[in-house]
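In my numbering, the protein residues as written are 14 to 350. Don't be surprised by glycine CBs; every beta carbon is placed ideally from N, CA and C. All values derive from a computational prediction rather than experimental measurement. Inspection log for the structure reproduced underneath, given as structure tokens.
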């Protein structure tokens with residue numbers, strides 16, 4: 014418990030201290046996200062917030078992992094995906110180039126023995142592991158479309174992973190998850206609406222990567238089934254997953270490109286339904302917490318004991334999805350009208 018609290022607090026302090034420094038550096042070097050028709054913000058916002066998150070997670074994990082054995086493969090892959098994001102923030106990369114880079118990094122995790130063990134086929138295990146990492150990386154990247162959303166969901170997802178890993182004896186992974194939650198919280202102090210700095214791709218890709226890769230790194234004391242391995246990270250990350258599903262389905266139906274920015278994500282549609290930016294973000298936080306609690310309960314007590322709650326969640330999310338899909342294919346801020 015001391016290691017978990019220490020890692021979380023150190024990461025929070027480092028992130029909170031470094032984020033203003035990164036903001037000033039981004040402004041001085043003109044590394045800013047300019048307003049565009051397909052973006053939600055209306056003024057230039059500095060990037061490089063991901064630098065503070067990366068440094069905070071790495072330092073806190075190395076400092077507080079017991080026995081001096083932090084998950085080096087996970088941290089190394091995090092540095093690589095962070096570097097990919099920095100290049101994208103500075104120069105801009107095509108979606109295909111980013112996807113190839115993410116796939117290579119995910120495949121390297123398999124080379125270090127970090128993979129799901131869901132099938133009898135080694136090839137299927139590798140493919141599913143790579144897909145899991147790449148999918149969650151892109152889900153959080155696409156979720157970073159409104160102030161405070163991706164960072165806040167990262168706090169929730171990281172927090173639930175702390176509980177899950179710690180109770181299963183995966184202390185190194187629990188410490189890293191605590192560091193991620195703390196770093197995201199420290200950054201959120203400056204990113205909650207109205208944001209003074211953005212994560213950038215360096216930060217959003219990194220968050221998704223850590224959430225996905227930690228579940229590959231842990232060793233579980235029971236059968237490595239789909240439920241035992243993926244239920245908690247999937248449920249605690251259900252908001253970005255649902256957002257990707259909503260955007261994909263609605264854009265396919267309207268003949269629009271999927272891998273581009275747009276004002277048609279879940280949070281934008283909540284604003285179209287009458288919520289403010291902050292209310293939309295807090296609503297999605299609440300959904301993330303609800304899903305995380307249900308995932309944790311199901312992993313501990315079995316799906317059969319939480320079936321009714323799952324049915325209620327599916328019905329509620331389905332109803333919400335229909336309401337959001339009906340809000341319009343491309344939205345504008347109320348202030349823009």
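Out of the options, state which residue places its alpha-carbon closest to the alpha-carbon of residue i.
i           : options            : result
residue 330 : 319, 339, 300      : 300
residue 56  : 106, 210, 291      : 210
residue 416 : 22, 16, 15, 179    : Nothing about residue 416 can be reported from this structure: the residues present for the chain run from 14 to 350 only.
residue 208 : 303, 163, 328, 184 : 163
residue 205 : 158, 150, 319      : 158
residue 185 : 73, 217, 288, 137  : 73
residue 86  : 193, 226, 149      : 226
residue 92  : 310, 114, 14       : 114
residue 60  : 44, 197, 315       : 44
residue 78  : 17, 36, 104, 325   : 17
residue 82  : 292, 193, 187      : 187
residue 327 : 287, 265, 255      : 255
residue 103 : 265, 15, 39        : 39
residue 316 : 106, 248, 284, 140 : 248
residue 26  : 333, 140, 193      : 193
Tell me residue i's beta-bridge partners as DSSP assigns them.
i          : result
residue 46 : 58
Measuring CB to CB, does residue i end up less than 8 Å from residue j?
i           : j           : result
residue 32  : residue 62  : yes
residue 280 : residue 297 : yes
residue 246 : residue 128 : no
residue 221 : residue 120 : no
residue 46  : residue 58  : yes
residue 335 : residue 219 : no
residue 339 : residue 191 : no
residue 202 : residue 168 : no
residue 147 : residue 116 : yes
residue 244 : residue 308 : yes
residue 69  : residue 24  : yes
residue 122 : residue 90  : yes
residue 48  : residue 166 : no
residue 170 : residue 224 : yes
residue 215 : residue 323 : no
residue 263 : residue 277 : yes
residue 138 : residue 144 : no
residue 257 : residue 155 : yes
residue 28  : residue 305 : no
residue 98  : residue 213 : yes
residue 303 : residue 310 : no
residue 217 : residue 149 : no
residue 71  : residue 88  : yes
residue 294 : residue 161 : yes
Compute the beta-carbon to beta-carbon distance between residue i and residue j, rounded to the nearest angstrom, for a pair I have assumed lies under 8 Å.
i           : j           : result
residue 178 : residue 312 : In fact, because the Cβ distance is near 11 Å, the residues do not count as touching under 8 Å.
residue 230 : residue 84  : 5 Å
When DSSP labels each residue in this structure, what does residue i get in the three-state scheme?
i           : result
residue 67  : helix
residue 287 : coil
residue 275 : coil
residue 158 : coil
residue 248 : helix
residue 18  : helix
residue 181 : coil
residue 115 : helix
residue 211 : coil
residue 298 : helix
residue 83  : coil
residue 78  : coil
residue 282 : helix
residue 221 : helix
residue 30  : helix
residue 37  : helix
residue 206 : coil
residue 9   : In this structure the chain extends from 14 to 350, so residue 9 is not present and cannot be described.
residue 106 : coil
residue 174 : helix
residue 133 : coil
residue 292 : helix
residue 125 : coil
residue 329 : helix
residue 164 : helix
residue 340 : coil
residue 305 : helix
residue 315 : coil
Any heavy atom of the ligand ADP within a distance shorter than 7 Å of the CB on residue i?
i           : result
residue 340 : This structure lacks the ligand ADP, and indeed carries no ligand of any kind.
Does any residue of chain D bring its CB to less than 8 Å from the CB of residue i?
i           : result
residue 157 : In the structure shown, chain D does not exist; there is a single protein chain.
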